[in-house]
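Quick note, the sequences are listed as chains Z and F, same order. Letter by letter, the first sequence follows residues 1 to 250 of UniProt numbering. Letter by letter, the second sequence follows residues 1 to 132 of UniProt numbering.
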Amino acid sequence: MSEQKFIEIEVLRYKPESDEAPHSEVYKVPFTDDMSVLQGAQYIKDNFDGSLTYRWSCRMAICGSCGMMINGVPKLSCETFIRDYYPNRITIEALAHFPIEKDLVVDLSGFIEKLESVQPYIIPAEKRSLDQGEYIQTPAQVQDYMQFTSCINCTLCYAACPQFGLNPDFIGPGAMALLHRYNMDSRDGGAEQRMELVASEEGVFNCSAVGYCSEVCPKHVDPANAVNINKTNAAKDYFLRFLSPKGGAK
Amino acid sequence: MSKRKPYVRSMDGWWKKNPFFVEYVIHESTALFVLAYAVTLLVGLIRLGQGEAAWNGWLAALQSPGALVFHLALLVAIAYHAYTWFKIMPITLPPIRVGGEKLSPCAIITGGLVAAAVASLGLIVLVWRIAA
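Written out as structure tokens, the structure reads:
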């Protein structure tokens, strides 16, 4: 039997009821080669400090709950393995750019509001009755938006976006990817309604094409592409208004 | 009473915290070299407007060792600027479909770089022939 291996996990802790600012604590965790960083955190909670707080659920990169900064990189801790860092120390910290609620848990309320603001549902171009039957969509039309449906709202892209860190009002990559998903859907007619938000102060022009959001996305959604395509769309919309005024522009 | 006290971390020095951001700041900074070259050419244009002596003075200044080193630095920085510009092109373009298949990021980057190389070579050949 092989010898038990240990790894040091440094956790950025923050207890709002007693701490003024976060501080680091280091734990020496025994691990096996099949253990994820999330399991490392669970080991700490079960054996060293039951107050360690973090979010998790599915353990298979679907629920999007367990995102954290692992050695400074936004990752899902359930699909990041301790063995890949051994023998070096692993540092874990709450997702960057969000306010820390407690330990590894961040305040996502701003993100939830943004998700609502993009109207992430099909807004039919014209009212359709049941007896008109189902919508018909070709495989090519499905491909237009398919990749953007893969978002699991893990917010790693926000933790990768310095522009969001500098301006928390920026609608951000994840919500924009979802907005784009509906705009690109042939059943949807809501693009014009969503344009006001796309072109607003909080909209796409906060993005300076750093591109790290798409780099860290665990689902290959490419949110940077959604944001940047909508820069072009917003510019087109702005200039085409001079040619054919639609009225009601703000 | 709520014990909530969300802690907001500082963004000071954000670009030094991740190699990706360091590279981003470097490639964005190379735009200053593009600006420097534009200014150099603009000065040439102004000197041309000031007459033959001024123009010849500008041409002579370009041949000084300092100017050559400056232009070498410009060439390297602008080449890197062009490379990174094409590197982010896949995220800025709408999907391009060729025969129903989405063009891969690699094809877009390679296409951009090849187009830039061909255009640059074409320009050099053209200027060379005019000069000769």
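Here a beta-carbon is modelled for each residue, glycine too, at the ideal position from N, C-alpha and C. From a predicted model like this one, the values you see are computed outputs, not experimental measurements.
Given residue i as reference, the closest of the options once Cα atoms are compared
i: Y86 (chain Z); options: Z:F6, Z:V106, Z:Q143 and Z:C151; result: Z:F6
i: C58 (chain Z); options: Z:A41, Z:E79, Z:P74 and Z:F48; result: Z:E79
i: G64 (chain Z); options: Z:V73, Z:S77, Z:I70 and Z:V227; result: Z:S77
i: L113 (chain F); options: F:K3, F:L93, F:L48 and F:W85; result: F:W85
i: E23 (chain F); options: Z:G133, Z:Q132, Z:Y158 and Z:G211; result: Z:G211
i: E215 (chain Z); options: Z:L38, Z:L52, Z:V73 and Z:T32; result: Z:V73
i: F33 (chain F); options: F:P105, F:A119, F:S120 and F:H81; result: F:H81
i: E113 (chain Z); options: Z:G174, Z:I82 and Z:A235; result: Z:G174
i: T155 (chain Z); options: Z:E20, Z:Q143, Z:G133 and Z:L108; result: Z:L108
i: A191 (chain Z); options: Z:Q141, Z:D237 and Z:F242; result: Z:D237
i: D12 (chain F); options: Z:S208, Z:G165, Z:R241 and Z:Q141; result: Z:G165
i: S117 (chain Z); options: Z:Q132, Z:S208 and Z:Y182; result: Z:Y182
i: A31 (chain F); options: F:I91, F:A132, F:A77 and F:P90; result: F:A77
i: K28 (chain Z); options: Z:T232, Z:F239, Z:Q42 and Z:D144; result: Z:Q42
i: W56 (chain Z); options: Z:N47, Z:D49 and Z:G40; result: Z:G40
i: N225 (chain Z); options: F:V69, F:Q63 and F:I91; result: F:I91
i: G99 (chain F); options: Z:D49, Z:N88 and Z:A140; result: Z:A140
i: S104 (chain F); options: F:K87, F:A115 and F:S120; result: F:K87
i: T40 (chain F); options: F:K17, F:F70 and F:E52; result: F:F70
i: A61 (chain F); options: F:T110, F:G44, F:L93 and F:M89; result: F:G44
i: S29 (chain F); options: F:M89, F:W128, F:A79 and F:G122; result: F:A79
Proximal residues to residue i (C-beta, below 7 Å), its chain only, five neighbours per side dropped
i: N230 (chain Z); result: M176, H180, V198 and V204
i: E17 (chain Z); result: none
i: P162 (chain Z); result: V210
i: G110 (chain Z); result: P168
i: W55 (chain F); result: R47 and L48
i: N206 (chain Z); result: Q163, N167 and F170
i: P223 (chain Z); result: C157, P173, G174, M176, A177, C213, S214 and C217
i: V227 (chain Z); result: P173, M176, V204 and C207
i: A125 (chain Z); result: G189
8 Å Cβ shell around residue i - same chain, five flanking residues per side excluded
i: K250 (chain Z); result: Only weak support is given to the placement of K250 (chain Z): the predicted model assigns it a pLDDT of 49, under 50, and the value that follows is read from those uncertain coordinates. Excluding residues within five positions, the ones whose Cβ falls inside 8 Å are E196.
i: D131 (chain Z); result: none
i: K102 (chain F); result: P95 and I96
Contacts around residue i, its chain only, beta-carbon distance under 6 Å, and the 5 residues preceding and following it disregarded
i: V26 (chain Z); result: E8 and E10
i: R187 (chain Z); result: I122 and Y135
i: A159 (chain Z); result: P74, L95, A96 and H97
i: T53 (chain Z); result: K102, D103 and V105
i: W15 (chain F); result: F21 and V25
i: N71 (chain Z); result: T91
i: H27 (chain F); result: T84
i: P30 (chain Z); result: Q4 and F6
Integer-rounded CB distance, given that residue j should sit under 8 Å from residue i
i: A94 (chain Z); j: M60 (chain Z); result: Rounded, the Cβ-Cβ distance is 22 Å, inconsistent with contact.
i: I62 (chain Z); j: I152 (chain Z); result: 6 Å
i: residue 260 (chain Z); j: P120 (chain Z); result: There is no way to answer for residue 260 (chain Z), as the model of chain Z reaches only from 1 to 250.
i: M35 (chain Z); j: I82 (chain Z); result: 5 Å
i: Y14 (chain Z); j: Y7 (chain F); result: 6 Å
i: H220 (chain Z); j: S129 (chain Z); result: Not quite, the Cβ-Cβ distance comes to about 38 Å (not below 8 Å), so this is no contact.
C-beta neighbour in chain C for residue i, strict 8 Å
i: W58 (chain F); result: No chain C is present in this structure, whose protein chains are Z and F.
| request: May I ask you to list, following chain order, the residues of the stretch 158-171 of chain Z that have a beta carbon less than 7 Å from some beta carbon of chain F? | output: Against chain F - using a Cβ distance shorter than 7 Å - the residues of the stretch 158-171 of chain Z are P162, G165 and L166.
| request: Please go through the stretch 21-80 of chain F and give each complete alpha helix (DSSP H) segment of 4 or more residues, from N-terminal end onward. | output: Runs of the alpha helix (DSSP H) inside the stretch 21-80 of chain F: 31-49 and 52-62.
| task | For the stretch 27-46 of chain F, enumerate the residues whose C-beta is nearer than 9 Å to any C-beta of chain Z, in chain order. | result | Answer in chain order: E28.
| message | Ignoring anything shorter than 4 residues, give me the alpha helix (DSSP H) runs that lie fully in the stretch 109-180 of chain Z, in order along the chain. | response | Secondary structure within the stretch 109-180 of chain Z: the alpha helix (DSSP H) runs of 4 or more consecutive residues, fully enclosed, are 109-117, 139-146, 156-159 and 162-166 (chain order).
| Selection of the stretch 10-39 of chain Z by Cβ proximity to chain F, strictly under 7 Å | Correct list: Y14, P16, E17, A21 and P22.
| request: For the stretch 70-81 of chain F, enumerate the residues whose C-beta is nearer than 8 Å to any C-beta of chain Z, in chain order. | output: For the stretch 70-81 of chain F, the set of positions with a beta-carbon nearer than 8 Å to some beta-carbon of chain Z is empty.
| task | Could you name the residues of the stretch 6-21 of chain F whose beta carbon sits closer than 8 Å to any beta carbon of chain Z, in the order they occur along the chain? | result | So the close ones are P6, Y7, V8, R9, M11, W14, W15, K17, N18, F20 and F21.
| message | Can you pull out the residues from the stretch 81-104 of chain F whose beta carbon lies closer than 9 Å to at least one beta carbon of chain Z? | response | Those residues of the stretch 81-104 of chain F placed with their C-beta closer than 9 Å to a C-beta in chain Z are K87, I88, P90, I91, T92, L93, P94, P95, R97, G100 and K102, ordered along the chain.
| said: If the cut-off is 8 Å on Cβ atoms, which residues from the stretch 208-226 of chain Z count as contacting chain F, listed in chain order? | reply: Residues passing the 8 Å Cβ filter: S208, A209, V210, G211, Y212, S214, E215, D222, A224 and N225.
| request: Output, in sequence order along the chain, the residues in the stretch 98-129 of chain Z whose CB is closer than 7 Å to any CB in chain F. | output: For the stretch 98-129 of chain Z, the beta-carbon criterion of a distance under 7 Å to any beta-carbon of chain F is satisfied by P99, I100, E101 and D107.
| said: At a CB distance below 7 Å, what residues from the stretch 52-77 of chain Z approach chain F? Give them in sequence order. | reply: Using a CB distance below 7 Å, the part of the stretch 52-77 of chain Z facing chain F consists of G72, ordered along the chain.
| query | Fully enclosed by the stretch 34-60 of chain Z, which alpha helix (DSSP H) runs are 4 residues long or longer? | reply | As summarised for the stretch 34-60 of chain Z, the continuous alpha helix (DSSP H) elements at least 4 residues long and confined to that stretch are 37-47, given in chain order.
| message | List, from N- to C-terminal side, the alpha helix (DSSP H) runs of 4 residues or more that fit wholly inside the stretch 192-238 of chain Z. | response | Counting only runs of 4 or more, we get 212-216.
| query | Using Cβ-Cβ distances below 7 Å, what residues of the stretch 101-132 of chain F are close to chain Z? | reply | Close to chain Z, meaning a Cβ-Cβ distance shorter than 7 Å, is no residue of the stretch 101-132 of chain F at all.
| said: Along the stretch 182-202 of chain Z, where does the CB come closer than 9 Å to a CB of chain F? Name the residues. | reply: Correct list: empty, as no residue qualifies.
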